[in-house]
Amino acid sequence: MAPMSRTPTRVSRNGAAASTGRATRVARLPEPTQIIASHELLGRAESRLRESDIVTDSAEAFSALYQSALRAAGAVLAVSEHPTRRRGSRSAWARLPQAMPDLSGWATYFAGLSRLRADTEAGIRSVTDEQIAQLRPKVDEFLHVVEMEILRIERGKPSNMPAGAA
Numbered sequence: 049m050a051p052m053s054r055t056p057t058r059v060s061r062n063g064a065a066a067s068t069g070r071a072t073r074v075a076r077l078p079e080p081t082q083i084i085a086s087h088e089l090l091g092r093a094e095s096r097l098r099e100s101d102i103v104t105d106s107a108e109a110f111s112a113l114y115q116s117a118l119r120a121a122g123a124v125l126a127v128s129e130h131p132t133r134r135r136g137s138r139s140a141w142a143r144l145p146q147a148m149p150d151l152s153g154w155a156t157y158f159a160g161l162s163r164l165r166a167d168t169e170a171g172i173r174s175v176t177d178e179q180i181a182q183l184r185p186k187v188d189e190f191l192h193v194v195e196m197e198i199l200r201i202e203r204g205k206p207s208n209m210p211a212g213a214a
């Protein structure tokens with residue numbers, strides 16, 4: 049077995065590795081199954097977003113919006129994480145900054161809503177129409193950002209988003 053090279057490499061579109069002479073992250077195109085899963089999750093995220101517009105109960109609208117964002121996070125994780133067995137249960141919001149540092153601000157924002165979501169679904173707290181009105185455009189923007197990131201990943205292009213953008 050040949051010794052492994054310690055020279056950093058990048059992967060071109062055709063999958064060939066090229067030495068960069070500096071430390072870089074190896075670009076990896078997702079597997080076709082990852083792309084399919086990602087698009088299915090993004091489609092479900094968009095469905096939940098549309099559902100939030102037609103439900104009349106604030107708790108249901110909040111749940112639909114939160115689940116829309118959660119499915120969008122799952123969509124980007126599907127194409128950005130290496131398919132491996134995970135140990136323990138970690139939320140998408142905890143994994144997102146590790147897989148996609150550019151989305152860490154979004155992960156922080158939505159993780160901050162996790163307790164409210166759980167309390168609302170348990171009937172412990174309620175949400176107002178104003179909270180829904182503030183959340184709706186943020187979820188819509190997050191879905192757009194995720195869609196653009198997925199397309200970028202599929203094409204093997206570097207991100208041009210500022211780190212932690214939200």
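Residue numbers for the sequence shown follow my numbering, so the first one is 49 and each next one is one higher. Where a beta carbon is used, it is the ideal one built from N, C-alpha and C, also for glycine. Since the model is a prediction, treat every value here as computed from it, not as a measurement.
Practice task
Under 8 Å by Cβ, that's how I've got residue 188 and residue 106 pegged, so tell me the actual separation to the nearest angstrom.
Solution key: In fact, because the Cβ distance is near 18 Å, the residues do not count as touching under 8 Å.
Exercise for the section: Measuring alpha carbon to alpha carbon, tell me which of 103, 120, 102 ends up nearest residue 88. Expected result: Closest option to residue 88, Cα to Cα, is 120.
Handout entry: Cβ contact (3+ pairs, closer than 8 Å) linking the stretch 78-95 and the stretch 161-176
Key = Taking 8 Å as the limit for Cβ pairs, the verdict is that the stretch 161-176 does not touch the stretch 78-95.
Problem - Closest residue to residue 157 among 168, 117, 146 (Cα-Cα distance) - result: Taking only the C-alpha atoms, the option nearest residue 157 is 117.
Problem - Three-state secondary structure assigned by DSSP to residue 156 - result: Note: residue 156 maps to helix in three-state DSSP.
Handout entry: Environment of residue 182 [buried if 16+ CB atoms lie within 10 Å]
Key = Counting the other Cβ atoms within 10 Å of the Cβ of residue 182 gives fewer than 16, which makes it exposed.
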